[in-house]
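Numbering (my numbering), first residue to last: 23 to 76.
C-beta: ideal position from N, C-alpha, C; glycine also.
Here is the structure we will look at.
Encoded structure:
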């Protein structure tokens, strides 16, 4: 899977996550997934910035 495909997949996942359900347990799962993706995004962003500096 190339980077563009991975980004598309992440967007689809995020899109699905943002369809937040009414059920509290499912909401909790959604929020955990959102946090995971934000963390992944931030880490990727830091790596990209570090690569540009080098």
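{"Check": "Secondary structure of residue 32, DSSP reduced to three states", "Outcome": "helix"}
{"Check": "Reduced DSSP secondary structure (H/G/I, E/B, other) of residue 41", "Outcome": "coil"}
{"Check": "Simplified DSSP state of residue 24, which is helix, strand or coil", "Outcome": "coil"}
{"Check": "Supposed close pair residue 35, residue 59 - CB separation, criterion 8 angstroms", "Outcome": "7 angstroms"}
{"Check": "Cα-Cα separation between residue 49 and residue 72, rounded to whole angstroms", "Outcome": "35 angstroms"}
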